[in-house]
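Listed in order, the protein sequences are those of chains A and B.
The first sequence begins at 0 in numbering that gives the first Met the number 0 and counts up one residue at a time.
The second sequence begins at 0 in numbering that gives the first Met the number 0 and counts up one residue at a time.
One structure is given below, encoded as structure tokens.
2 protein chains.
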Amino acid sequence: MKLTESDFLQMEKHYRASFFNSLGGFKSVVLVGSINQNKATNLAIFNSVMHIGANPPLCSILVRPAEVERHTYENILETKYFTINHIHKAIYQKAHQTSARYDRNISEFDAVELTEAYSNNIIAPYVKESHLKFGLECVETLEIKTNHTILIIGSIKEVLMDDNYIQADGFIDLELAGSLTVSGLDSYHSTKKLSRLSYAKPNEDLKEI
Amino acid sequence: MKLTESDFLQMEKHYRASFFNSLGGFKSVVLVGSINQNKATNLAIFNSVMHIGANPPLCSILVRPAEVERHTYENILETKYFTINHIHKAIYQKAHQTSARYDRNISEFDAVELTEAYSNNIIAPYVKESHLKFGLECVETLEIKTNHTILIIGSIKEVLMDDNYIQADGFIDLELAGSLTVSGLDSYHSTKKLSRLSYAKPNEDLKEI
């Protein structure tokens, strides 16, 4: 079947949200920890993490200022730092529950019963239960003019994980960490590795590595 | 273990690329089809697709102008349109092979033996073998100043797929489409659904849907 713009316009609001959130493929799903100047913490699930570059190490999240994610955005503007925490099977329901519209004076850490953890270098809270997490300093924000969403670009300051997740060539084994992936707004998936493929060159066969 | 900026600086270049490409979690992996004014086609694998919004339907990819992806970028600047094509188990090696640095006068469609397919609305080529694909018009480009990468924002013009992938609420079943996910630069994974979770509200238990 082929769907075009006239079909998109006829979609009911929630149907359209679910459809276009699914369309781009599987996504990273993480908890973003932040804190305001009064030390009130916030925890929010995001599926918009994007790798921006390795040198310097940069990563982004996308925020929609009108939605529940605005607390995260306001906190990052206030205190600059935030954390990204992978989620695994034992905590994905709690992670999803952070998307409920809690009042500003309630921390999602308390509401969903996840534990704050702190590092010396980053003021924002980590999720203790997460197996793989990293702390960032916001170095740039960019407005996407077409729909007024905001890309928050973070410089990666530290990474916390078990040693054994890292392979000899720097690859992090996300399956060993138990990290999940998401499709659409609400579908959580574990993964099964097919293979790693060698660096591609013209006229040379790929190898599994 | 905790790794900090002094550790990042000591990482060998390829190690660091692999490490930070893995860190953000599982990613979408797609083939981007494009064409220049002389009708020369290009096909490139991307793992940076991001959902930007559903109304209007917007999606982005990130390009690094200095790399092999520049052909895609140049083509999109010239002809505005591009396609995003999901990949499945039968074509992921061919998809990976498109990342080889082919000369400008070689189309990756020919080099890796994937088939061009065209729609009336979009000048750029689709991948015939892909099960789920969509066509976009570039409506905005944004430079991330911190590392000079460029976010290409596309307005989604049409979607091509089997009817049966779409559920009653608009959710697209990516596992039915066979879509894969990627971690790092080169690790391909299939997925297994844990569950879909209901819309979260404060003080209300989640349900599987």
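Glycine is no exception: its CB is placed at the ideal position from the N, C-alpha and C atoms.
So what's B/N84 in DSSP terms, helix, strand or just coil? Mapped onto the second sequence, residue 84 of chain B falls at position 85. Of the three classes helix, strand and coil, the one that applies to B/N84 here is strand, per DSSP.
If we call anything under 8 Å between Cβ atoms a contact, is A/I143 one with B/L76? Position 144 of the first sequence, counted from the start, is the residue given in the question as residue 143 of chain A. Position 77 of the second sequence, counted from the start, is the residue given in the question as residue 76 of chain B. No, the Cβ-Cβ distance between A/I143 and B/L76 is not below 8 Å.
Residues in the region 186-205 of chain B with C-beta within 8 Å of chain A's C-beta atoms, listed in sequence order? S186, Y187, H188, S189, T190, K191, K192, L193, S194, R195, L196, S197, Y198, A199, K200, P201, E203 and L205
Under 8 Å (Cβ pairs) to chain A, residues found in the region 70-91 of chain B: I83, H85, K88 and Y91
Beta-bridge pairing of A/Y125 - partner residues as DSSP gives them: Translated into the one-based positions of the first sequence, residue 125 of chain A becomes position 126. A/A116.
Below 8 Å on C-beta distance, what does B/I152 contact in chain C? This model lacks chain C altogether, as its protein chains are A and B.
Quick check on DSSP: helix, strand or coil for B/Y187? Position 188 of the second sequence holds residue 187 of chain B. B/Y187 falls in the strand class under three-state DSSP.
CB of B/V28 within 8 Å of CB of B/I44, strictly: Along the second sequence, one-based indexing puts residue 28 of chain B at 29. Along the second sequence, one-based indexing puts residue 44 of chain B at 45. The answer is yes: Cβ separation under 8 Å.
Bounding residues of the beta strand (DSSP E) (the contiguous stretch that carries A/H50): By one-based count along the first sequence, residue 50 of chain A stands at place 51. Note, A/H50: beta strand (DSSP E), M49 to A53.
Could you have a look at A/L22 and say whether DSSP puts it in helix, strand or coil? Counted from its first residue, the first sequence places residue 22 of chain A at position 23. Note: A/L22 maps to helix in three-state DSSP.
Three-state secondary structure (DSSP) of B/E174: One-based indexing of the second sequence puts residue 174 of chain B at position 175. Three-state DSSP puts B/E174 in a helix.
Could you pull out every residue in the same chain whose Cβ sits closer than 7 Å to the Cβ of A/F18, ignoring the five residues on either side in sequence? Numbered from 1 along the first sequence, position 19 holds the residue referred to as residue 18 of chain A. So the list reads M10, once near-sequence residues are dropped.
Between the Cα of B/G52 and the Cα atoms of A/A176, A/L150, A/I86 and A/N146, which residue gives the shortest distance? As a working note, residue 52 of chain B is residue 53 in the second sequence. Checked all of A/A176, A/L150, A/I86 and A/N146; the closest Cα to B/G52 is A/N146.
Helix, strand or coil at A/V111 according to DSSP, with G and I counted as helix: Numbered from its first residue, the first sequence carries residue 111 of chain A at position 112. Looking at A/V111 - three-state DSSP - the assignment turns out to be helix.
Using DSSP's beta-bridge definition, name the partner residues of A/R195. As a working mapping, residue 195 of chain A is identified with position 196 in the first sequence. Answer is B/S186.
Assign B/L205 to one of three DSSP states: helix, strand, or coil. Along the second sequence, read from residue 1 onward, the residue named residue 205 of chain B stands at position 206. B/L205: coil per DSSP, three-state reduction.
Positions along the region 115-137 of chain B whose CB lies within less than 9 Å of some CB in chain A: S118, N120, L131 and F133
The region 17-29 of chain B: which residues have C-beta closer than 9 Å to a C-beta of chain A, in chain order? S17, F18, F19, N20, S21, L22, G23, G24, F25, K26, S27, V28 and V29
Report buried or exposed for A/N20, applying the criterion of at least 16 other Cβ atoms within 10 angstroms of its Cβ. Numbered from its first residue, the first sequence carries residue 20 of chain A at position 21. With 16 or more Cβ atoms within 10 Å of its Cβ, A/N20 is classed as buried.
What first and last residue would you give for the beta strand (DSSP E) that runs through B/A43? Looking up residue 43 of chain B in the second sequence gives position 44. It spans T40 to F45 - the beta strand (DSSP E) in which B/A43 sits, taken as one unbroken run.
Could you spell out the range, first to last residue, of the alpha helix (DSSP H) harbouring A/E73? Taking the first residue of the first sequence as 1, we reach residue 73 of chain A at position 74. R69 to T78 is the span of the alpha helix (DSSP H), which, as asked, contains A/E73.
DSSP three-state assignment for A/S17, whether helix, strand or coil: For the purposes of this step, residue 17 of chain A is identified with residue 18 of the first sequence, where counting begins at 1. In the structure shown, A/S17 sits in a helix (DSSP, three-state: H, G or I).
Tell me B/K1's beta-bridge partners as DSSP assigns them. Translated into positions along the second sequence, residue 1 of chain B becomes position 2. Answer by DSSP bridge pairing, in chain order: A/L159.
For A/E4, go through chain B and note every residue whose CB falls closer than 8 Å to its CB, in chain order. As a first step, residue 4 of chain A is located in the first sequence; it is residue number 5 there, counting from the start. Residues of chain B passing the Cβ test: K156 and E157.
Going along chain B, which residues have a C-beta under 8 Å from A/R100? Translated into the one-based positions of the first sequence, residue 100 of chain A becomes position 101. K200 and P201, listed in chain order.
Residue-chain proximity (B/T148, chain A), Cβ-Cβ < 8 Å: Translated into the one-based positions of the second sequence, residue 148 of chain B becomes position 149. Cβ-Cβ to chain A under 8 Å: yes for B/T148.
Would you say B/F108 faces chain A, with C-beta separation under 8 Å as the test? Locating residue 108 of chain B in the second sequence gives position 109, where the first residue counts as 1. Output row for B/F108: interface = no.
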